[in-house]
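Asks: Residue numbers (this note's numbering), protein chains in the order written: chain W, 63 to 585; chain A, 50 to 369.
Ideal Cβ placement from N, Cα and C applies to all residues, glycine included.
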């Protein structure tokens with residue numbers, strides 16, 4: 063434990079520049095969206111306090127917006143607003159809107175009507191009543207709304223890193239992908255602290271006696287504006303091309319680190335989630351992305367793979383990894399899972415992915431079609447001899463594989479099946495396996511080596527380029543360390559790949575990663 | 050000074066005020082009296098356009114108020130309400146200074162006027178920096194009155210001004226109110242449902258029922274010449290007390306014994322009502338006071354002589 067703390071501390075110390083920047087970005091992002099939310103929400107709240115008939119529809123709409131999952135909201139915005147700051151600010155603004163509108167509304171309608179009547183009787187104009195009577199009296203309630211919105215925003219702002227808007231989410235999601243607890247904590251602890259501190263500060267402001275300190279009313283908006291300025295938009299690099307890499311890719315030797323050390327690639331890079339990366343490349347928001355070689359969206363979005371001429375992306379076998387205890391519990395499991403081994407080649411996998419990612423066929427259907435074609439499909443036996451829990455990571459290929467395994471188990475054994483698909487990243491999936499939350503999931507040998515085992519760099523460099531040595535190494539190590547067994551490889555390789563839009567790659571005559579590095583140096 | 054001509058107002062399907070017309074003379078105190086829901090408050094609020102009439106004209110100082118900007122109109126009319134409506138986020142002096150600020154008075158003039166009013170209304174000076182919730186109900190009502198009087202408007206509208214006060218505070222403020230020189234110069238329209246209060250303060254009373262005027266006249270006229278059953282019944286319950294308030298020493302003068310003893314104390318005011326004279330007698334140990342008629346002739350009377358004179362007066366009245 064002590065070691066863990068020390069290394070977290072040293073990690074934060076090491077990355078203090080980045081951490082500081084991310085914290086500022088986080089604060090800025092929170093407050094710039096808060097500012098806009100106030101600019102929009104306050105007048106709306108006042109409007110519905112005047113015209114009560116509108117109140118239920120406007121509050122209802124804001125409530126519905128609030129329920130949209132944040133990732134989905136960010137996804138919707140890419141075609142309209144692209145990636146980066148704009149969609150993130152808009153998404154945060156939408157989440158902040160409801161508490162601000164609602165509290166402005168309740169604050170104003172909660173004022174004793176005799177006070178408003180006496181203001182009218184004294185000859186105050188509507189504007190004077192609003193600014194001198196209604197808003198000051200509603201202020202404690204409005205501030206409570208702003209406080210709620212701020213805390214919500216600090217939380218949701220971590221997701222902004224998914225669409226390259228920066229913030230502490232970069233560490234959090236990078237850490238989840240890279241199985242790096244220190245990195246997760248380096249993002250999560252400051253984010254939690256920000257939420258707690260801001261909540262506390264706002265609670266103090268809320269309790270201030272405005273009767274005696276009217277000046278605070280003017281200081282407060284100013285403060286929000288100043289904090290907003292922290293959000294310095296990720297500045298352009300000078301070069302024309304922009305790369306978008308996943309948090310996982312950013313931290314891997316067979317990723318961004320390798321690109322820098324082996325190719326000397328200098329490119330303006332932003333961190334983005336793979337869920338939106340392809341779309342962003344297609345929409346010309348990004349020029350170079352880090353994809354998977356079997357990804358169906360390659361075909362769908364007209365992207366081309368840049369040849370890895372120095373071989374930094376080792377090919378990965380995909381294979382199911384199973385808890386040894388589960389193999390004992392379900393004696394037939396291994397045999398059934400191995401039915402798929404050697405059946406899916408690279409091109410077949412790419413095609414299957416294409417069907418889900420681009421043709422939007424359901425993974426179940428794609429899986430069933432494939433099994434039927436290969437005479438592997440059997441009708442489910444609705445077995446009751448225990449339930450096998452299948453996990454999958456959160457992308458198409460893994461969903462398809464999970465479905466195939468589910469059908470194979472149901473058709474060939476008397477076991478029942480439950481699937482836990484969409485586990486956020488390697489770490490989440492693997493932790494679920496280790497902690498006996500799932501029985502198996504499909505993993506990649508390279509990931510097993512570089513992310514989960516993390517042997518010393520010399521050893522990993524030596525064996526990473528050999529598929530079979532990697533497979534043998536991880537099989538042995540997983541069995542020893544985690545009591546987890548690597549079953550036979552499914553057949554296809556999945557590795558990282560740099561991708562560009564086909565048109566652009568032709569136009570710039572960039573076909574390999576070396577070409578890209580040279581192009582960047584020249585421009 | 051104020052004239053209403055055929056003023057009507059409906060809320061949805063209920064007609065709150067039906068074709069009302071009356072005049073209020075300069076420096077007169079007209080009390081709108083009636084049960085709740087009779088339209089008296091609606092009538093009052095139409096005079097400063099807090100409520101816009103559906104029909105009819107309202108003229109103040111010769112000008113039709115519908116042609117005036119309502120905000121400017123209201124700044125020129127004092128308004129006191131039952132719930133007082135002080136701004137909880139303003140201290141007392143800021144509350145009083147609202148209208149001067151709207152009229153862009155300079156600070157010195159405002160402050161002088163506030164100091165003057167606070168003294169006249171018997172408010173402690175240190176309360177100027179206090180907030181409304183720190184004051185007693187009576188003090189709050191005085192601040193409300195100060196706020197209405199600060200710019201010395203010619204017209205004052207009062208909506209149940211003493212309605213929120215307890216009985217003790219209420220009668221003492223009523224007495225102060227009656228004695229306040231500042232108010233004697235004003236044309237006042239006041240709403241109340243309290244008959245005693247109306248008789249105490251009104252020059253004329255406008256008795257209303259179901260949105261219509263039942264009778265308009267002096268307290269004496271209402272008491273002795275009610276126009277219909279409603280007007281008679283409305284006052285019946287408190288007739289004796291009202292008569293004591295309406296009948297003055299001057300009315301009884303001939304029935305009082307001609308005697309004067311210079312040692313006895315003098316009543317507070319010239320030509321007091323029977324009620325006030327009784328109050329004065331009750332306060333002195335000897336049970337005798339000197340009262341004066343409007344010609345400033347004095348007589349010394351005691352309680353028994355007063356009631357006797359009152360009975361003779363009534364008998365006389367009935368056989369006139």
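1) To the nearest whole angstrom, what separates the beta carbons of residue 335 (chain W) and residue 224 (chain W), a pair I think is in contact under 8 angstroms?
2) Which residues of chain W have a Cβ atom closer than 8 angstroms to the Cβ of residue 123 (chain A), listed in chain order?
3) How about the region 246-259 of chain W and the region 230-237 of chain W: do they share at least three Cβ pairs that are nearer than 8 angstroms?
4) Between the region 100-118 of chain A and the region 267-286 of chain A, do three or more beta carbon pairs fall short of 8 angstroms?
5) Closest by CA to residue 444 (chain W), which one among W:498, W:475, W:529 and W:431?
6) Mind checking the region 184-208 of chain W against chain A and listing, in chain order, the residues whose C-beta falls within less than 7 angstroms of any C-beta there?
7) Is any beta-carbon of chain A found at less than 8 angstroms from that of residue 108 (chain W)?
8) I want to verify the contact list: residues of chain A whose CB lies under 8 angstroms from the CB of residue 422 (chain W), in sequence order.
9) Compare the beta carbon distance of residue 508 (chain W) and residue 354 (chain W) with 8 angstroms and say whether it is the shorter of the two.
10) Under 8 angstroms Cβ to Cβ from residue 369 (chain W), same chain only, skipping five residues before and after it: list those, please.
11) Going along chain W, which residues have a C-beta under 9 angstroms from residue 242 (chain A)?
12) Taking only three categories from DSSP, how would you classify residue 99 (chain W)?
13) Is it buried or exposed, residue 43 (chain A), if we count other Cβ atoms within 10 angstroms and call 16 or more buried?
14) Rounded to a whole number of angstroms, what is the C-alpha to C-alpha distance between residue 392 (chain W) and residue 356 (chain W)?
15) Can you name, in chain order, every residue of its own chain whose Cβ lies under 6 angstroms from the Cβ of residue 453 (chain W), other than the five neighbours on each side?
16) Rounded to whole angstroms, how far is the Cβ of residue 148 (chain A) from the Cβ of residue 184 (chain W), which I believe are closer than 8 angstroms?
17) Under 9 angstroms between beta-carbons, which chain W residues line up against residue 137 (chain A)? List them in chain order, please.
18) Counting pairs of Cβ atoms below 8 angstroms between the region 80-95 of chain W and the region 124-139 of chain W, do you hit three or more?
19) Using the beta-carbon of each residue, which ones in chain W are nearer than 8 angstroms to residue 128 (chain A)?
20) What residue does the alpha helix (DSSP H) around residue 351 (chain W) start on, and which one ends it?
21) Quick one: Cα of residue 407 (chain W) to Cα of residue 418 (chain W), how far?
22) In whole angstroms, give me the CA-to-CA distance for residue 179 (chain A) and residue 268 (chain W).
23) When we look at the beta-carbon of residue 186 (chain W) and count the other beta-carbons within 10 Å, is it buried (16 or more) or exposed?
24) If we ignore side chains and look at the alpha-carbon of each, how far apart do residue 343 (chain W) and residue 207 (chain W) end up?
25) Starting from residue 147 (chain A), find everything on chain W with Cβ-Cβ shorter than 7 angstroms and list it in chain order.
26) Which one of A:65, A:126, A:83 and A:204 has the shortest CA to CA distance from residue 279 (chain A)?
27) For residue 134 (chain A), return the contacting residues in chain W, with the cut-off set at a CB-CB distance below 7 angstroms.
28) In the DSSP assignment, find the unbroken beta strand (DSSP E) run with residue 87 (chain A) in it and report its ends.
29) So who's on the other strand from residue 261 (chain W), going by DSSP bridges?
30) Against chain C, with Cβ distances strictly below 8 angstroms, would residue 99 (chain A) count as a contact?
31) Would residue 151 (chain A) count as contacting chain W if we go by Cβ distances under 8 angstroms?
32) What's the call for residue 84 (chain W), buried or exposed, on a 16-neighbour Cβ count within 10 Å?
33) Please confirm whether residue 287 (chain W) and residue 97 (chain W) have their CB atoms less than 8 angstroms apart.
34) Taking buried to mean at least 16 other C-beta atoms within 10 Å of its own C-beta, is residue 297 (chain W) buried or exposed?
35) Of all the CB atoms in chain W, is at least one closer than 8 angstroms to the CB of residue 120 (chain A)?
36) Is it right to say residue 318 (chain W) is buried, meaning 16 or more other beta carbons lie within 10 angstroms of its own, or is it exposed?
Replies: Taking the coordinates as given:
1) 4 angstroms
2) 182, 183, 184 and 185
3) yes
4) no
5) W:475
6) 184, 185, 186, 187, 195, 198 and 199
7) no
8) The contacting residues do not exist; residue 422 (chain W) stays about 56 angstroms from chain A at best.
9) no
10) 573, 574 and 575
11) Residues of chain W passing the Cβ test: none, with the nearest at roughly 18 angstroms.
12) helix
13) Nothing in the structure corresponds to residue 43 (chain A), since chain A is present only between 50 and 369.
14) 31 angstroms
15) 482, 485, 491, 494, 500 and 503
16) 5 angstroms
17) 174, 177, 199 and 273
18) no
19) 180, 183 and 184
20) Element bounds for residue 351 (chain W): not the alpha helix (DSSP H) but the beta strand (DSSP E), 350-354.
21) 17 angstroms
22) 22 angstroms
23) buried
24) 38 angstroms
25) 184
26) A:83
27) 176, 177, 179 and 180
28) Element bounds for residue 87 (chain A): n/a, residue is neither H nor E.
29) In the DSSP output, where bridge partners are listed per residue, residue 261 (chain W) has none listed.
30) The chain labelled as chain C is not found among the protein chains of the depicted structure, namely W and A.
31) yes
32) buried
33) yes
34) Reliability of the predicted coordinates at residue 297 (chain W) is poor, the pLDDT of 44 falling under 50, and the value obtained from them is presented with this limitation in mind. When all chains shown are included, residue 297 (chain W) counts as exposed.
35) yes
36) buried
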